[in-house]
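Visitor: Anchor point for the sequence shown: position 119 equals 311 in the working numbering, and the numbering is continuous, going up by one each time.
Beta carbons: idealized from backbone N, C-alpha and C, even for Gly.
Once you've had a glance at the structure underneath, I'll fire off some questions.
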Amino acid sequence: MHKPKSSALKYLAVFVVLILGYLAFGTVANLLPNKPIHQHVKDTVERKDLAADFWFSFIMQPAYYMDNYTDALILNQACQGGKDHMLESLLLVPRLEDSTHMQCSSLSAFVAGDPHLQQVHYGRYWHGSTFLMRFLLCLDNYIHIRYIFYIISSLMMLWVAALLARHRGIWAAVLYCCPWVLINVVIMQHSIQFVPVLIIALAASLWIIYRVRHWKQLCMSLFVVGSLTCYFDLLTCPLLTWGIPICTYLLMHHQPSFLRGLQTWFHASFLWVIGYGGTWISKWLIASLLTDENVIADGLAQVSSRAATGHDFSRWDALAQNLDMLHWPYIFIPLILLCIAVAFKFRRKGLCNAALCLITALVPCLWFIATAEHAYLHYWFTYRNLAVSLMALFFGLAMMVDWRLLHNNKKQKNTVR
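Have a look at this one:
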C-alpha cells in the first residue's frame, strides 16, 4: 500500500539533490578566477576560431552548419560570471551584446573592450554548459576544448559499440553507430552547443548496458537523464537522451509481452519528461523568487512561441523540413537489407520489442509537430532528434531477425566449401 508513496518520495529526494547539485556546480564555477577565462577567450577570438555566427564545416549545406552563434554566446556568458554578482551570474546568466545582436561580433567587441555593449539576461535556461566552460576555460582555449569533446565522445561511441558487439553481435554495434553517422555526428562532437546531449545519450547507453537490469532502474535512470539534459542543453535535440537509451534498453532486454513492455516504455518516458520539465520549471521558480526578473513569464511566453505556427508554415511543414535533412538513399540501404533478412530469417519472439521500437520511432515526428516554430526555424540542428527514429527502426527490424540461424547457415556453407 505504501509503495507508490515511498517511490514518489524517492524521486522527490533525487530531484532535490539534483537541483542542489546544479546550484552548487554553478556557484563553484562562478567562484573561479576570471583572468584565465578571459585570456583563453581572447586567444580564441584572436585566432578567429569564432569568426562567423553560422559557418559551414566542410560541405555547404545546412546539415553541416557549425553553430558558432551559440558557442560564442556560451563563451560570452562564461566571461560575465564571477563572485561579485553571484545571484545574477548564477540565475540570470548575463552576456554583453553589440547593436547587431550577433554573438561572434559581440564576443569580439567584448574582448576589444567596447564600452557600448548592452547586458542581456538569459534566465530561462540553467546553462550548465556555460558553467562547465568556466571550468574548462580556466585550463585551455575553445579550440582545444573542442578537441577534448571530440575525443571523449568518439571513445564513448566506440565503447558502446564494443559492448553491443560482445553482448548482441556485430550487427548491433553497426546499427547503433549508423544513425549517428547519418545525422552528421561529427558536427555535434565539435560544438559546445550540441555535444552535451550527445555525451549524455552515450553515457546513458553505457549505464543501461552495465547497470540496468529492471524496468524500475530504467525509470530512475531516465528521470535523472532528463534532468541532466535540461541542465546542460539549450533545446537542441533533447530527445536523443530519451530515445537512444530506450532503444538500447529494448535491444538488451526482451519484453515478456507487448502490454508489459508498453507499460515500462510509458513509465520510463513519462519520468524522463518529468525530470526534464520539472528541472526547467524549477529554474523559472528559483530565478523569479531570488531575482527581480519574472523568469516564469518569460519561460511561459517562450513555450507558447516555440509551439506556435507562422503565417508561412504549418506544423506539417515543420515535420517535412526536418525529414528533408536526412540522406534518405543511405537510410534505405540498411532498411532494405534488414527487411530481406527478416523475410528469410524471421524471429517471432522479437515482435514485441519491434512494436515498441516502432512507437519510439514516431515520437520525434510528434515532437516536431508540437514544437512547430522551433523545429521549423532551427531545422538544421533539430533534425538530429531523428537519430532516435532511425535507431528504433533499425533495431526494430533487427530484433525480428534470427541472427543465430543466419550465422549457423554461414558456418555450414563455409564447412561445405
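(1) Helix, strand or coil for phenylalanine 538? Go by DSSP, reduced to three states.
(2) Kindly indicate the opening and closing residues of the beta strand (DSSP E) around tryptophan 635.
(3) Where does glutamate 485 sit, in a helix, a strand or coil, going by DSSP?
(4) Could you give the first and the last residue of the continuous beta strand (DSSP E) run that contains glutamate 280?
(5) Look at the alpha carbon of methionine 592 and the alpha carbon of tryptophan 318, and state the distance between them as a whole number of angstroms.
(6) Just how far apart, CA to CA, sit phenylalanine 302 and valine 580?
(7) For arginine 609, collect the residues of the same chain with a Cβ closer than 6 Å to its Cβ; drop the 5 residues on either side in sequence, then sort them by chain order.
(8) Which residue wins for smallest C-alpha separation from leucine 554, given the options Val534, Leu582 and Arg540?
(9) Within this structure, are the beta carbons of leucine 355 and isoleucine 401 separated by less than 8 Å?
(10) With C-beta atoms as the reference, is threonine 322 less than 8 Å away from glutamine 269?
(11) Distance, Cα to Cα, isoleucine 473 vs tyrosine 368?
(12) Between which two residues does the beta strand (DSSP E) carrying aspartate 259 extend?
(13) Can the beta-carbon of aspartate 263 be found less than 8 Å from the beta-carbon of leucine 288?
(14) Can you tell me which residues form a DSSP beta bridge with arginine 287?
(15) Can you find at least 3 beta carbon pairs, one from the region 406–415 and one from the region 555–563, that sit closer than 8 Å?
(16) Taking the alpha carbon of leucine 482 as the point to measure from, which residue in Leu215, Phe207 and Tyr203 has its own alpha carbon closest?
(17) Could you tell me which residues DSSP pairs with valine 593 in its beta bridges?
(18) Just reading off the beta strand (DSSP E) that phenylalanine 246 is part of, what are its end residues?
(19) By the 10 Å Cβ neighbour count, where 16 or more other Cβ atoms means buried, how is isoleucine 525 classified, buried or exposed?
(20) Within its chain, find whatever has a CB closer than 8 Å to the CB of cysteine 549; leave out the 5 residues flanking it on each side and keep chain order.
(21) Tell me whether tyrosine 522 is buried or exposed, calling it buried when 16 or more other Cβ atoms sit within 10 Å of its Cβ.
(22) Between the Cα of threonine 574 and those of Met252, Ile391, Asp259 and Ala200, spot the shortest distance and give me the residue it belongs to.
(23) So glycine 274 packs on tyrosine 423, CB below 8 Å; how close in whole Å?
(24) What's the call for tyrosine 339, buried or exposed, on a 16-neighbour Cβ count within 10 Å?
(25) Below 8 Å on the Cβ atoms is my guess for asparagine 514 versus tyrosine 571; work out the distance and round it to an integer in Å.
(26) Which residue wins for smallest C-alpha separation from phenylalanine 341, given the options Ser300, Gln310, Leu394 and Arg360?
(27) Name the DSSP bridge partner or partners of phenylalanine 505?
(28) Tell me whether proline 371 is buried or exposed, calling it buried when 16 or more other Cβ atoms sit within 10 Å of its Cβ.
(29) For the alpha helix (DSSP H) containing phenylalanine 386, list its first residue and its last residue.
(30) Classify methionine 252 as buried or exposed, calling it buried when 16 or more other Cβ atoms lie within 10 Å of its own Cβ.
(31) Identify whether proline 430 lies in helix, strand or coil by the three-state DSSP scheme.
(32) The alpha helix (DSSP H) that contains cysteine 370, what's its start and end?
(33) The alpha helix (DSSP H) spanning asparagine 545 covers which residue range?
(34) From Lys541, Gly502, Phe462 and Trp434, pick the residue whose C-alpha is nearest to that of tyrosine 203; which is it?
(35) Quick check: is the beta carbon of serine 298 nearer than 8 Å to any beta carbon in chain D?
(36) Between which residues of its own chain and aspartate 509 is the CB-CB distance below 7 Å, once the five residues before and five after are set aside?
Guide: In this structure, then:
(1) Numbered from 1 along the sequence shown, position 346 holds the residue referred to as residue 538. Correct three-state label for phenylalanine 538: strand.
(2) There is simply no residue 635 to check, as the chain begins at 193 and stops at 609 in what is shown.
(3) Residue mapping note: residue 485 aligns to position 293 of the sequence shown, counting from 1. Annotated three-state conformation of glutamate 485 is coil, per DSSP.
(4) As a working note, residue 280 is residue 88 in the sequence shown. Segment: none, glutamate 280 is in no beta strand (DSSP E) and carries neither H nor E.
(5) As a working mapping, residue 592 is identified with position 400 in the sequence shown. As a working mapping, residue 318 is identified with position 126 in the sequence shown. Cα atoms of methionine 592 and tryptophan 318: separation of roughly 42 Å, rounded to the nearest angstrom.
(6) Position 110 of the sequence shown, counted from the first residue, corresponds to residue 302. Position 388 of the sequence shown, counted from the first residue, corresponds to residue 580. Each residue's Cα considered, the two are about 39 Å apart.
(7) Within the sequence shown, residue 609 is the residue found at index 417, counting from 1. Caution is warranted here: a pLDDT of 47 is assigned to arginine 609, below 50, making its placement in the model unreliable, and the coordinate value is therefore given only provisionally. Excluding residues within five positions, none has a Cβ falling inside 6 Å.
(8) Within the sequence shown, numbered from 1, the residue matching residue 554 stands at position 362. Of the candidates Val534, Leu582 and Arg540, the one whose C-alpha sits nearest the C-alpha of leucine 554 is Leu582.
(9) Taking the sequence shown and counting its residues from 1, the one referred to as residue 355 is at position 163. Taking the sequence shown and counting its residues from 1, the one referred to as residue 401 is at position 209. If you check the CB distance, leucine 355 and isoleucine 401 come in under 8 Å.
(10) Taking the sequence shown and counting its residues from 1, the one referred to as residue 322 is at position 130. Taking the sequence shown and counting its residues from 1, the one referred to as residue 269 is at position 77. Yes. Within cutoff.
(11) The residue you call residue 473 lines up with position 281 of the sequence shown. The residue you call residue 368 lines up with position 176 of the sequence shown. Looking at the two C-alpha atoms, the distance is approximately 33 Å.
(12) For the purposes of this step, residue 259 is identified with residue 67 of the sequence shown, where counting begins at 1. Looking at the DSSP string, the run of the beta strand (DSSP E) that includes aspartate 259 is 257–259.
(13) Locating residue 263 in the sequence shown gives position 71, counting from the first residue. Locating residue 288 in the sequence shown gives position 96, counting from the first residue. Note that the C-beta distance between aspartate 263 and leucine 288 is not below 8 Å.
(14) In the sequence shown, residue 287 corresponds to position 95, counting from 1. According to DSSP, which records beta bridges pairwise, arginine 287 is partnered with Val312.
(15) The region 406–415 makes no contact with the region 555–563; the number of CB pairs closer than 8 Å stays below 3.
(16) Within the sequence shown, residue 482 is the residue found at index 290, counting from 1. Measuring from the Cα of leucine 482, the nearest candidate turns out to be Leu215.
(17) By one-based count along the sequence shown, residue 593 stands at place 401. Phe538, per the DSSP bridge assignment.
(18) Along the sequence shown, read from residue 1 onward, the residue named residue 246 stands at position 54. First-last of the beta strand (DSSP E) with phenylalanine 246: 246–248.
(19) For the purposes of this step, residue 525 is taken as the residue at position 333 of the sequence shown. Residue environment: isoleucine 525 is assigned as exposed (fewer than 16 neighbouring CB atoms within 10 Å of its CB, all protein chains considered).
(20) Here residue 549 refers to the residue found at position 357 of the sequence shown. Cys439, Leu442, Ala584, Leu585, Phe587, Gly588 and Met591, listed in sequence order.
(21) Position 330 of the sequence shown, counting from 1, holds the residue named residue 522. With fewer than 16 Cβ atoms within 10 Å of its Cβ, tyrosine 522 is classed as exposed.
(22) For the purposes of this step, residue 574 is taken as residue 382 along the sequence shown, with counting starting at 1. For the options Met252, Ile391, Asp259 and Ala200, the alpha carbon positioned closest to that of threonine 574 is the one of Asp259.
(23) Translated into the one-based positions of the sequence shown, residue 274 becomes position 82. Translated into the one-based positions of the sequence shown, residue 423 becomes position 231. Rounded, the Cβ-Cβ distance is 20 Å, inconsistent with contact.
(24) Within the sequence shown, residue 339 is the residue found at index 147, counting from 1. Here tyrosine 339 is exposed. Its C-beta has fewer than 16 other C-beta atoms within 10 Å.
(25) Sequence index remark: in the sequence shown, residue 514 carries index 322 (1-based). Sequence index remark: in the sequence shown, residue 571 carries index 379 (1-based). About 5 Å; that satisfies the 8 Å criterion.
(26) Position 149 of the sequence shown holds residue 341. Among Ser300, Gln310, Leu394 and Arg360, the Cα nearest to that of phenylalanine 341 is on Leu394.
(27) Stepping through the sequence shown from its first residue, residue 505 is reached at position 313. Per DSSP, Gly502.
(28) The residue you call residue 371 lines up with position 179 of the sequence shown. Counting the other Cβ atoms within 10 Å of the Cβ of proline 371 gives 16 or more, which makes it buried.
(29) Working through the sequence shown from its first residue, we reach residue 386 at position 194. Run containing phenylalanine 386: none; DSSP gives neither H nor E here.
(30) For the purposes of this step, residue 252 is taken as the residue at position 60 of the sequence shown. Its Cβ having fewer than 16 others within 10 Å, methionine 252 is exposed.
(31) Taking the first residue of the sequence shown as position 1, residue 430 is located at position 238. Coil.
(32) What you label residue 370 is simply residue 178 of the sequence shown in a count that begins at 1. Taken as a continuous stretch (DSSP letters only), the alpha helix (DSSP H) holding cysteine 370 covers 362–374.
(33) Reading the sequence shown from its first residue, position 353 is the one you call residue 545. Here the alpha helix (DSSP H) through asparagine 545 covers 543–562.
(34) The count along the sequence shown starts at 1 and reaches residue 203 at position 11. The option with the nearest alpha carbon to tyrosine 203 is Phe462.
(35) The structure shown contains no chain D; it holds only a single protein chain.
(36) Numbered from its first residue, the sequence shown carries residue 509 at position 317. Answer for aspartate 509: Tyr568, listed in chain order.
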